[in-house]
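Residue numbers (the working numbering), protein chains in the order written: chain W, 68 to 524; chain B, 68 to 524.
Heads up, the beta-carbon is just placed ideally off N, CA and C, and yes, glycines get one too.
Since we're looking at a predicted model, the values are computed, not measured.
2 protein chains.
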Amino acid sequence: MIEEKDERRDVSFDEDQLIRWLIDENIDEFRKDFLSMHAYDQAKFYVKVGPDIRKIMYHFLSPEEMAEIYEAIELDDEEIEYFIKEMDPNYAAKMLSYMYTDDVVDVLTELDEDDRDSFLELMDEEMAEEITELMGYEKYTAGSLMTTEYVSIQENSTVRSAMNVLRREAPNAETIYYVFVVDENHRLTGVISLRDLIVAEEDTLIRDIMNERVVYAKVTDDQEKIAQIFKDYNFLAFPVVDEDLVLQGIITVDDIIDVMDEEASDDYSKLAGISDIDDIDAGPFKAAKQRLPWLVMLLFLGMITASLMGQFEATLEKVALLALFIPLISGTSGNSGTQALAVVVRGIATGEIDEKSKLKMIFREMGTGLITGIACGLIVVLVVFLWKHSLMIGMLVGTAICCSIFVATIAGSFIPLLIHKIGIDPAVASGPFITTLNDITSILIYLGLATMLLGQL
Amino acid sequence: MIEEKDERRDVSFDEDQLIRWLIDENIDEFRKDFLSMHAYDQAKFYVKVGPDIRKIMYHFLSPEEMAEIYEAIELDDEEIEYFIKEMDPNYAAKMLSYMYTDDVVDVLTELDEDDRDSFLELMDEEMAEEITELMGYEKYTAGSLMTTEYVSIQENSTVRSAMNVLRREAPNAETIYYVFVVDENHRLTGVISLRDLIVAEEDTLIRDIMNERVVYAKVTDDQEKIAQIFKDYNFLAFPVVDEDLVLQGIITVDDIIDVMDEEASDDYSKLAGISDIDDIDAGPFKAAKQRLPWLVMLLFLGMITASLMGQFEATLEKVALLALFIPLISGTSGNSGTQALAVVVRGIATGEIDEKSKLKMIFREMGTGLITGIACGLIVVLVVFLWKHSLMIGMLVGTAICCSIFVATIAGSFIPLLIHKIGIDPAVASGPFITTLNDITSILIYLGLATMLLGQL
Numbered sequence: 068m069i070e071e072k073d074e075r076r077d078v079s080f081d082e083d084q085l086i087r088w089l090i091d092e093n094i095d096e097f098r099k100d101f102l103s104m105h106a107y108d109q110a111k112f113y114v115k116v117g118p119d120i121r122k123i124m125y126h127f128l129s130p131e132e133m134a135e136i137y138e139a140i141e142l143d144d145e146e147i148e149y150f151i152k153e154m155d156p157n158y159a160a161k162m163l164s165y166m167y168t169d170d171v172v173d174v175l176t177e178l179d180e181d182d183r184d185s186f187l188e189l190m191d192e193e194m195a196e197e198i199t200e201l202m203g204y205e206k207y208t209a210g211s212l213m214t215t216e217y218v219s220i221q222e223n224s225t226v227r228s229a230m231n232v233l234r235r236e237a238p239n240a241e242t243i244y245y246v247f248v249v250d251e252n253h254r255l256t257g258v259i260s261l262r263d264l265i266v267a268e269e270d271t272l273i274r275d276i277m278n279e280r281v282v283y284a285k286v287t288d289d290q291e292k293i294a295q296i297f298k299d300y301n302f303l304a305f306p307v308v309d310e311d312l313v314l315q316g317i318i319t320v321d322d323i324i325d326v327m328d329e330e331a332s333d334d335y336s337k338l339a340g341i342s343d344i345d346d347i348d349a350g351p352f353k354a355a356k357q358r359l360p361w362l363v364m365l366l367f368l369g370m371i372t373a374s375l376m377g378q379f380e381a382t383l384e385k386v387a388l389l390a391l392f393i394p395l396i397s398g399t400s401g402n403s404g405t406q407a408l409a410v411v412v413r414g415i416a417t418g419e420i421d422e423k424s425k426l427k428m429i430f431r432e433m434g435t436g437l438i439t440g441i442a443c444g445l446i447v448v449l450v451v452f453l454w455k456h457s458l459m460i461g462m463l464v465g466t467a468i469c470c471s472i473f474v475a476t477i478a479g480s481f482i483p484l485l486i487h488k489i490g491i492d493p494a495v496a497s498g499p500f501i502t503t504l505n506d507i508t509s510i511l512i513y514l515g516l517a518t519m520l521l522g523q524l
Numbered sequence: 068m069i070e071e072k073d074e075r076r077d078v079s080f081d082e083d084q085l086i087r088w089l090i091d092e093n094i095d096e097f098r099k100d101f102l103s104m105h106a107y108d109q110a111k112f113y114v115k116v117g118p119d120i121r122k123i124m125y126h127f128l129s130p131e132e133m134a135e136i137y138e139a140i141e142l143d144d145e146e147i148e149y150f151i152k153e154m155d156p157n158y159a160a161k162m163l164s165y166m167y168t169d170d171v172v173d174v175l176t177e178l179d180e181d182d183r184d185s186f187l188e189l190m191d192e193e194m195a196e197e198i199t200e201l202m203g204y205e206k207y208t209a210g211s212l213m214t215t216e217y218v219s220i221q222e223n224s225t226v227r228s229a230m231n232v233l234r235r236e237a238p239n240a241e242t243i244y245y246v247f248v249v250d251e252n253h254r255l256t257g258v259i260s261l262r263d264l265i266v267a268e269e270d271t272l273i274r275d276i277m278n279e280r281v282v283y284a285k286v287t288d289d290q291e292k293i294a295q296i297f298k299d300y301n302f303l304a305f306p307v308v309d310e311d312l313v314l315q316g317i318i319t320v321d322d323i324i325d326v327m328d329e330e331a332s333d334d335y336s337k338l339a340g341i342s343d344i345d346d347i348d349a350g351p352f353k354a355a356k357q358r359l360p361w362l363v364m365l366l367f368l369g370m371i372t373a374s375l376m377g378q379f380e381a382t383l384e385k386v387a388l389l390a391l392f393i394p395l396i397s398g399t400s401g402n403s404g405t406q407a408l409a410v411v412v413r414g415i416a417t418g419e420i421d422e423k424s425k426l427k428m429i430f431r432e433m434g435t436g437l438i439t440g441i442a443c444g445l446i447v448v449l450v451v452f453l454w455k456h457s458l459m460i461g462m463l464v465g466t467a468i469c470c471s472i473f474v475a476t477i478a479g480s481f482i483p484l485l486i487h488k489i490g491i492d493p494a495v496a497s498g499p500f501i502t503t504l505n506d507i508t509s510i511l512i513y514l515g516l517a518t519m520l521l522g523q524l
């Protein structure tokens, strides 16, 4: 009765059997098995088979059934366009009209403008209008994430009529676990959960039991902020209003899980210096194409380091020993800079660092840089002294490490805050970038000090 | 009617007024305002005020009301212990008995064993047993995340009786939006959503409308795997069973959001070389304490680099120019290694890289390393030739960069896969660690090549 559990829990169906039924045009057997699968597994099958098999699927499944697959699908941008173009345009338009508006928007934004317009023309006028409106919202805002399939009700309705509305809307609404309460101008005034509804007396007025302290977002709010609200308040869905508090749509928790996943990947990949981390399946050429821009940019920054060091060639010629500690110093300063950067970028992303705490943060990092700098510096003095038996070299390298860590820690916290201030995503000041900048300052400090002390070395 | 929206949406209440009411012992006004607040806002207030104010709160709020606050609270480990000890033990025990078992477990694991046992003794025997059992599951497994407050029903019940069970359990169950269907041995056989229940005919048998292809986890499954299932299938809750398929508990989406947040922070902070990134409020000493272990460890690894370079001191003495390119070469190899590492670590974490695709991944990375290596190498040959007018030096640096990138990319993908294979979290092969290892190989390649070619330089 229960599927056999497997390691990855994704082969709970006999793929080859399904393909055989499709090829043999055994529509009944295929539909019986396929439609009992979870939409996510259906989507995995759909994406995996070739275009010929997919074309049979379009004949065997109704646009409504295909819409379920598209609700569950997770595709690369290019694939979506490719798949949609496999379909008969009328079939595709019908399928889209069965999908939740937020998912339709996701699909349509991947098509070029002509295709998009022709689909909108084939769709029901009211839906086409709603979708055009949703597509007008800027990317990464609440407006672009929300769906318009919510359940709303007037304040003076009874619990009974609310339950009837829910029953009627259940097949279409994205969630029926919250009912949003509005006044005569469709302005949001409250919220009530299905949980509260099913335990309430049928004649109770919604007004008397609704929660009036409803937390909501504006259509222009950033998606990271929305994600934070979900994390804090543990909502399953969340209303979005315009400037006049008129209810425009809702955001559901499944969309937010995708956003969180995206944002986490995004910050992480920027820290590693890659533009897009998700493409595990890409070939070596595509992977190289994704990574080369950063590598080459950093290569040129590295050239600046090299040319600055050129100024100290005379010093290096006199005391070749100095070169041995260059990787140590630049590495350590890079590491401490990345640590500070990671804390600050993550703090900005989660909203824990705001205007008020910025200054406190920088002072904190100055203190941290000083402590870690002195600690590492002392260790280095000792180790170098024991190794090279020269207190002078030990003091030089230790001082350079101490100063480098101090500067790198401040830079690692200050630069992302500065970049954020001028309205750019602070994650662009990513790990390798700040590391290379810290390379330059640390080597300048080290070789500068060495040149000053050259007589004593 | 609706709260005024503010930038961070967290001051939807007059904090000072609440404190004044507490100090004036105006219990009615305090309760009226405080209890209308969302539990998350209540928790923020509770955490923010001092111990004296909190002590008044314990008198003004029932253990049941305080339990709501503790459901919503997000605390550092040390704070929880501190707060619980402020309370009268009987009050605390009562409060715990009103909380969902998974949250009780979270609180109790922060206390020392004696305190824990004394609380368990004060609690209802059945609950104490359940909690002891939950506390027995290993950290980061499905068992440690799940709660036992779910709604279950027999297959041969009707929709009407299911709805009655739901109404009865609604105040206690963590979610009532799924009803889990079990056989006479309490083995999981299906699931049905409240959405399906409210649109079904009252006399329908659950068996006839339940979903039999229920996706579930075992108590021993890792939390990352659970998070992946939530991401894929968009569930709101998810059953957990033991080896015999007997239903043990459920995991709800809000817990998974916390897990995802934790895991993302965790991978990110490891890539940056910090043990714990969340502590924005820590002072400089605490921050330094968190960061120093990594810095010092890397410092000693850096010393190895320096001592290996010491082998080439003679070469460096003869051609001091060579030193200029050391940061460039080690930096570039570090960057490409981190890129490969980030892709692989993330791929392992999300489950996209499994046993089968491992080898493919390594071959892909070899290809990527070769392409990026040759591309960067050629650029460097050209730039160094134009700058230093020496084709020999250009070729040397270019070849070293090309080989370093190739080796670093393979190491960046191979090492985490290897570490994962032997059962360790691959994120420990974090950015700075692999960077420092790559430093060593790249410098060996560069100075080794240089020494071989010394006659021509």
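Here the C-alpha atom of L383 of chain B lies approximately 41 Å from the C-alpha atom of D333 of chain W. Taking the C-beta atoms as reference points, T208 of chain W is found no nearer than 8 Å to T319 of chain W.
Taking one beta carbon from each stretch, the stretch 394-413 of chain W and the stretch 469-479 of chain W have 3 or more pairs nearer than 8 Å; the two touch. Taking the Cβ atoms as the reference, G401 of chain W lies roughly 5 Å from N505 of chain W, within the contact range of under 8 Å.
By the rule that beta-carbons nearer than 8 Å mark a contact, A159 of chain B does not touch chain W. A237 of chain W is positioned such that its CB atom lies closer than 8 Å to that of I265 of chain B. With its beta carbon at least 8 Å from every one in chain W, V174 of chain B lies outside the interface. In the three-state DSSP reduction, G257 of chain B falls in the strand class (E or B). Y245 of chain B: member of the beta strand (DSSP E) spanning 245-249, first to last residue. Using a Cβ-Cβ cut-off of 8 Å, H105 of chain W counts as an interface residue toward chain B, since at least one Cβ of chain B sits closer than that to its own. The C-beta of T225 of chain W comes no closer than 8 Å to any C-beta of chain B.
Counting only the Cα atoms, R234 of chain B lies some 13 Å from E269 of chain W. Cα atoms of T242 of chain B and M230 of chain B: separation of roughly 14 Å, rounded to the nearest angstrom.
A residue is called buried once 16 or more other Cβ atoms fall within 10 Å of its Cβ, and R262 of chain W is buried on that count. Think of a sphere of 7 Å around the beta carbon of Y244 of chain B: the chain W residues whose beta carbon falls inside it are Y244, in chain order. Counted as a single uninterrupted DSSP element, the alpha helix (DSSP H) harbouring T399 of chain B occupies residues 393-417.
Note on geometry: alpha-carbon atoms of A159 of chain B and F150 of chain B lie some 10 Å from one another. The C-beta distance from V249 of chain B to V258 of chain B rounds to 10 Å, too long to fall under 8 Å, and the pair is not in contact.
Against chain W, the CB of D506 of chain B has a partner CB under 8 Å away; the residue lies at that interface. The three-state reading of DSSP puts F302 of chain W in coil, since its state is none of H, G, I, E or B.
Shown here for R183 of chain W: same chain residues with a beta carbon closer than 6 Å to its own, the five before and five after excluded, namely L175 in chain order. Between I120 of chain W and I86 of chain W, the CB-CB gap stays under 8 Å.
Within the stretch 119-155 of chain B, the complete alpha helix (DSSP H) segments at least 4 residues long are 130-139, 144-153, listed from N- to C-terminus. In this structure, V363 of chain W and C443 of chain B form a Cβ contact; the two beta carbons are roughly 7 Å apart against a cut-off of 8 Å. When DSSP states are grouped into helix, strand and coil, K206 of chain W belongs to the coil group.
Chain-ordered, the chain W residues with CB closer than 7 Å to the CB of L261 of chain B read L261.
Put simply, the backbone Cα of G340 of chain B is about 41 Å away from that of L178 of chain W. Pairing E330 of chain W with A294 of chain W gives a Cβ-Cβ distance under 8 Å. In the three-state reduction of the DSSP assignment, G316 of chain B falls in the strand class, which pools E and B.
Secondary-structure assignment with DSSP links D289 of chain W through a beta bridge to W:T208.
By DSSP's assignment, A294 of chain W forms no beta bridge with any residue.
Chain W places a beta carbon closer than 8 Å to that of F392 of chain B, counting this residue as a contact.
The beta carbon of M190 of chain W lies closer than 6 Å to those of A160, S164 in the same chain, with the five residues before and after it left out.
With fewer than 16 other CB atoms across the displayed protein chains lying within 10 angstroms of its CB, Q523 of chain W is exposed. Per DSSP, Q221 of chain W lies in no alpha helix (DSSP H); the unbroken beta strand (DSSP E) holding it starts and ends at 219-221. Annotation for P238 of chain B: no alpha helix (DSSP H) segment contains it, and DSSP assigns it neither H nor E.
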